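Remarks on the structure that follows.
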Amino acid sequence: MSDPIVRMEGVHFHYNPDSDFPIHALQGIDLDVQAGDYLVIVGHNGSGKSTLAKNINLLLQPTAGDVWVKGLNTRRRENLLAIRSSVGMVFQVPDNQIVATIVEEDVAFGPENIGVPRDELRLRVDWALEVVDMLEHRHRPPHRLSAGQKQRVAIAGAIAIKPDILILDEATSLLDPKGREEVLRAVRALNEEGMTVIAITHFMHEATEGNRVVVMEEGKIVLEASPRAVFDHVEELRALQLDVPQPKELAYRLNGRDPTFPTDVVMVEELVDEVERRVKGGRRQ
Amino acid sequence: MSEAPFIQINDLHHVYLRDTPLEITALKGVDMEIHMGESVGIIGRTGSGKSTVVQHFNGLIRPREPGKVLVDGEDMSDPKIDIKRVRQRVGLVFQSPQQQLFEKLVGDDIAYGPKRLGMVQADRRERVKWAMEMVGLDFERFKDRFTFSLSGGEMRKTALAGVLALRPEVLILDESTTGVDPRGRKELMARLLALHKEHGLTLVFVSPNMEEVAELVERVYVMDDGRVVMSGTTREVFSQPEELFQHGLNVPQVTQVAHDLRARGIGVERVPVTVDEGVEEIWKILSSCETSPLVSTYQATR
Amino acid sequence: MSYVANAILLLVTLGLVLLSGVSLKYIFFGLKPALPLIIVLAILQLLFYGDAFTPHGMASRTYFRWGWIHITNGSVQLVIVSAARFVELLFLTSLLTNTTTLTDITHGIEDMLKPFSRFGVPANELALVGTISLRFVPLLGEQLETIMKAQASRGANVAHKSKLEFVSRARQVAAFIVPLFVDAFRRGEDLILAMQARCYVGGRGRSSFVRLRFQRMDYLAYGVGLVFSVLMLGLQSYFPF
Chain D
173 MSDPIVRMEG
183 VHFHYNPDSD
193 FPIHALQGID
203 LDVQAGDYLV
213 IVGHNGSGKS
223 TLAKNINLLL
233 QPTAGDVWVK
243 GLNTRRRENL
253 LAIRSSVGMV
263 FQVPDNQIVA
273 TIVEEDVAFG
283 PENIGVPRDE
293 LRLRVDWALE
303 VVDMLEHRHR
313 PPHRLSAGQK
323 QRVAIAGAIA
333 IKPDILILDE
343 ATSLLDPKGR
353 EEVLRAVRAL
363 NEEGMTVIAI
373 THFMHEATEG
383 NRVVVMEEGK
393 IVLEASPRAV
403 FDHVEELRAL
413 QLDVPQPKEL
423 AYRLNGRDPT
433 FPTDVVMVEE
443 LVDEVERRVK
453 GGRRQ
Chain B
11 MSEAPFIQIN
21 DLHHVYLRDT
31 PLEITALKGV
41 DMEIHMGESV
51 GIIGRTGSGK
61 STVVQHFNGL
71 IRPREPGKVL
81 VDGEDMSDPK
91 IDIKRVRQRV
101 GLVFQSPQQQ
111 LFEKLVGDDI
121 AYGPKRLGMV
131 QADRRERVKW
141 AMEMVGLDFE
151 RFKDRFTFSL
161 SGGEMRKTAL
171 AGVLALRPEV
181 LILDESTTGV
191 DPRGRKELMA
201 RLLALHKEHG
211 LTLVFVSPNM
221 EEVAELVERV
231 YVMDDGRVVM
241 SGTTREVFSQ
251 PEELFQHGLN
261 VPQVTQVAHD
271 LRARGIGVER
281 VPVTVDEGVE
291 EIWKILSSCE
301 TSPLVSTYQA
311 TR
Chain Z
9 MSYVANAILL
19 LVTLGLVLLS
29 GVSLKYIFFG
39 LKPALPLIIV
49 LAILQLLFYG
59 DAFTPHGMAS
69 RTYFRWGWIH
79 ITNGSVQLVI
89 VSAARFVELL
99 FLTSLLTNTT
109 TLTDITHGIE
119 DMLKPFSRFG
129 VPANELALVG
139 TISLRFVPLL
149 GEQLETIMKA
159 QASRGANVAH
169 KSKLEFVSRA
179 RQVAAFIVPL
189 FVDAFRRGED
199 LILAMQARCY
209 VGGRGRSSFV
219 RLRFQRMDYL
229 AYGVGLVFSV
239 LMLGLQSYFP
249 F
């Protein structure tokens, strides 16, 4: 396997380290992210997942341990712009990250900051808006958009700097189901084109979007698995009060009554298939 | 439900920024009724008009002709109405209730409503204590804490207690679970259910999240584009998934399972809306095949 | 300061409004909130400016005198001319905001300030501050409305029996202002993070997406404006009344 695009080693982070009430938000994180990964980080508020994300693009710097992005250590100040322009980030509140009063001007904000020449700016802005399917709204003021649309503009703004990594920091938590689906579709498309995605969420069912899941609790990584395997830890997830997808929960409880009922079911369709197989198979006998 | 509804609205229309170039029609003729002791869900995508409707319930927005809003028989278009009393009886909690906190101490903030109602100190204290107990904040431990040093979850509880301290008969929650993590959501849902079941509080729950609605309410109104487009018991409404999809909504996965089974010719007696119901329904199907010996052993041991 | 000059100005302003195609209704609408100010100003000038000003090349005449109140030809002219100027200013402002988006105005100001950036004028930063204000002021307005509704739901904002309870009134205001500030700070912090994440490190080295180009019409407008100003100055000395 090639070198990871993000590597974290023994990362600790304290908020207000010199005050009477320091908060030990990250307590020794070791994590590698490979290029092209779609990593989902799940945890409750205060589990440290957002702090972890901010340590990747140098919005925060670890109090101990090291973070490398594309081989560049975040401790070195001269790496700042190189790292930030490799990592795009989308935040939770759609309104609080849109700077300009016209959609396309907002998307241009990032590339303007790194001095992209004007002719290329136009191309980048159009490309980014196209990816999130917002090109037709490019001349509209952001406040006339739905929350899902605003969040897609925010994604366009983040990818317009042509990053290698896109971090979503609870970017879907304030959206309604339709807005959430719009955003996830755009992210899926980006990942398929090779963008590394790190999605932070407290919606357990979004774990199935990725190829790797990390569960955080109290500043530590407590579970790490593939999206299918992570749901096999039903008891642990319950103890953490995280949601289990309903089909999994159903299968798990049916298995409690009939141990031959399989529990490796995550999607609705898999459960329906299984019940159908049993019912129809049964009739044939 | 033969008695008169506690809240009744008829042919309600509402336009924001009326007579300006920016005018937006939010409601296009809405009828609804809320009875005492019920728990009702109002669901719909963002911008469907659900928040505008509930703001009529406690007189934050007054109805205009031809619309009518009656709260316990009182006509809300009457400017002489005792609006303070209406707002005490119909409590409204907004999406991020943290935004209403302003006092330095938690206890004072919760006491704000009762104080505005003109309650005396001793009664206020009792109210605050009761409200804090209802939301799960320990009175002695939290009453003198600084409001702004609380965690997000504690702030939310404080804000909810601030509305409960009015001892409302109806509690409206306008997307109060949006952005809350699953742990906080589970606790909030359990507290609300207890208030409804044990204290007879009438609940109006506004949400786009179908799983929550299924768990909490008995009856729903579905809104889209300023109108009520579906209504009935939760089960009735969830039995029409195609129609819900058209309005930008979905059904809980467990309900989807039942629909898909039916589509494949496997009869499900009653459409489940919660996981508990789903387990029972699927178990009924599986045990009716009588193929697996384990099914009969399970039944024998019960 | 002359009637003739102001009459011409008023006519030209109205002519511009007609040219722009903006409905006169909207233009007059913009006048409404300023009307009380204009009236109060006129009354104060009439009362206190009696002898302070004499029209150019004219003898001072007193129309009315009662105690310390003098009304002279000078003060009457002052009242009429300042009211007219006020109205013209408001008309032109409404005209600008009705034909040009605030975003475009901000970009225009940035471009106009750009030559001064070599003298240390932070043109880019000023424009960014302008843009961000344009974006966030309406959001804070909405926020205030929500807060007011939330507090009203808790019994706030109901007319008090005794209007003299200053402490309780101040508390009422605190119920709205404190949450508003908390919200504004939170948004500010969010915005700083979002801007940093998008590589913002200050105005230097930024390219710009929006380019305003001076076109023939712009030169024409500047020219006409300049000629008109010179004419008006000249007019003033010919028609001092």
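As they're listed, the protein sequences go chains D, B and Z.
Numbering of the first sequence is given in my numbering, commencing with residue 173 and proceeding in unit increments.
Numbering of the second sequence is given in my numbering, commencing with residue 11 and proceeding in unit increments.
Numbering of the third sequence is given in my numbering, commencing with residue 9 and proceeding in unit increments.
From the three backbone atoms N, C-alpha and C, an ideal C-beta is built for every residue, glycine too.
Note that the coordinates shown come from a computational prediction; the quantities given were computed from them, not determined experimentally.
Beta-carbon contacts of residue i that lie in its chain and below 7 angstroms, excluding the five residues immediately before and after
i	result
Asp119 (chain Z)	Leu220
Leu244 (chain D)	Asn251, Ala254 and Ile255
Ser249 (chain B)	Val281
Where residue i meets chain Z, residues with beta-carbon distance less than 7 angstroms
i	result
Met261 (chain D)	Ala205
Phe281 (chain D)	Arg206
Val267 (chain D)	One detail in the question is off: residue 267 (chain D) reads as Asp in this sequence, not Val. Residues of chain Z passing the Cβ test: Leu147.
Gly320 (chain D)	Result: empty, since nearest Cβ-Cβ is about 18 angstroms, beyond 7 angstroms.
Closest residue to residue i among the options (Cα-Cα distance)
i	options	result
Asp29 (chain B)	Z:Thr107, Z:Val95, Z:Tyr34 and Z:Leu199	Z:Tyr34
Val247 (chain B)	B:Gly236, B:Gln266 and B:Asp235	B:Gln266
Gly146 (chain B)	B:Gly123, B:Leu170, B:Glu43 and B:Pro124	B:Leu170
Thr243 (chain B)	B:Gln256, B:Glu225, B:Phe255 and B:Pro192	B:Glu225
Asn68 (chain B)	B:Val50, B:Glu48, B:Lys294 and B:Val103	B:Val103
Gly116 (chain Z)	Z:Met240, Z:Val12, Z:Leu234 and Z:Ser216	Z:Ser216
Arg166 (chain B)	B:Lys153, B:Leu176, B:Pro178 and B:Thr187	B:Thr187
Arg316 (chain D)	Z:Leu49, Z:Leu147 and Z:Asp191	Z:Leu147
Glu113 (chain B)	B:Pro107, B:Ala121 and B:Ser106	B:Ala121
Val359 (chain D)	D:Pro399, D:Leu301 and D:Glu308	D:Leu301
Asp82 (chain B)	B:Val116, B:His45 and B:Arg134	B:His45
Leu24 (chain Z)	Z:Arg69, Z:Pro44 and Z:Leu100	Z:Leu100
Glu354 (chain D)	D:Arg312, D:Ala272, D:Ser318 and D:Gly382	D:Ser318
Ser219 (chain D)	D:Leu362, D:Glu342 and D:Pro266	D:Glu342
Arg237 (chain B)	B:Thr62, B:Val278, B:Leu27 and B:Gln109	B:Thr62
Under 8 angstroms by beta carbon: chain D residues contacting residue i
i	result
Trp293 (chain B)	Leu426 and Arg429
Ile140 (chain Z)	Val271
Lys196 (chain B)	Gln413
Contacts around residue i, its chain only, beta-carbon distance under 6 angstroms, and the 5 residues preceding and following it disregarded
i	result
His168 (chain Z)	Its pLDDT being 47, under 50, His168 (chain Z) is placed unreliably by the model, and the measurement read from it follows with that caveat. For His168 (chain Z), where only same-chain residues beyond five positions count, there are no Cβ hits under 6 angstroms.
Val232 (chain Z)	none
Val218 (chain Z)	His115
Met142 (chain B)	Phe149 and Ala171
Chain B residues whose Cβ lies nearer than 8 angstroms to that of residue i
i	result
Ala294 (chain Z)	Here chain Z has residues from 9 to 249 only, and residue 294 (chain Z) is not among them.
Close beta carbons around residue i, own chain, < 8 angstroms, minus the five adjacent residues each side
i	result
Val264 (chain B)	Pro282, Val283, Thr284, Val285, Glu287 and Gly288
Thr3 (chain Z)	Past the boundaries of the shown model lies residue 3 (chain Z); chain Z is included only from 9 to 249, so the question cannot be answered.
Val95 (chain Z)	Leu18, Leu39 and Ile46
Ile270 (chain D)	Asp278, Pro314, Lys322, Val325, Ala326 and Gly329
Ser28 (chain Z)	Leu103, Asn106 and Thr107
Ala13 (chain Z)	Met240, Leu243, Gln244 and Phe247
Glu84 (chain B)	Ile91 and Val96
Leu136 (chain Z)	Gly211
For residue i: DSSP bridge partner residues
i	result
Gln199 (chain D)	D:His184
Phe156 (chain B)	B:Leu115
Gln18 (chain B)	B:Glu43 and B:Leu80
Ile53 (chain B)	B:Ser217 and B:Val232
Ile337 (chain D)	D:Val259 and D:Thr368
Ile34 (chain B)	B:Tyr26
Arg93 (chain Z)	Beta-bridge pairing links Arg93 (chain Z) to no other residue.
Listed by chain order, chain D residues near residue i by CB distance under 7 angstroms
i	result
Arg55 (chain B)	Asp348 and Lys350
Val283 (chain B)	By Cβ distance, chain D contributes nothing, its closest Cβ being about 11 angstroms from Val283 (chain B), past 7 angstroms.
Val289 (chain B)	Leu422, Arg425 and Leu426
Thr188 (chain B)	Leu346
Contacts that residue i makes with chain B (C-beta to C-beta distance below 7 angstroms)
i	result
Pro419 (chain D)	Gln263 and Val267
Ile155 (chain Z)	Gln109 and Gln110
Interface partners of residue i on chain Z, CB under 8 angstroms
i	result
Phe16 (chain B)	Near Phe16 (chain B) there are no residues of chain Z at all, since even the closest Cβ is about 17 angstroms away, more than 8 angstroms.
Gln98 (chain B)	Gly163
Chain D contact residues for residue i, given Cβ-Cβ distances below 9 angstroms
i	result
Gly213 (chain Z)	Asn285, Ile286 and Gly287
### Query
In chain order, which continuous runs of the alpha helix (DSSP H) of length 4 or greater are located wholly inside the region 171-253 of chain B?
192-209, 220-226 and 244-248
### Message
In chain order, what are the residue ranges of uninterrupted beta strand (DSSP E) at least 3 long that sit wholly in the region 116-140 of chain B?
### Response
none
### Message
Which complete beta strand (DSSP E) runs does the region 76-103 of chain B hold, if anything under 3 residues is left out?
### Response
78-81 and 100-103
### Query
Curious, which full-length alpha helix (DSSP H) runs of at least 4 residues does the region 41-80 of chain Z contain?
43-56
#### Entry: Segments of 3+ residues assigned as beta strand (DSSP E) that fall wholly inside the region 362-405 of chain D
368-373, 384-389 and 392-397
### Task
Quick one: which unbroken alpha helix (DSSP H) runs of 4-plus residues sit fully inside the region 251-302 of chain D? Chain order, please.
252-256 and 275-285
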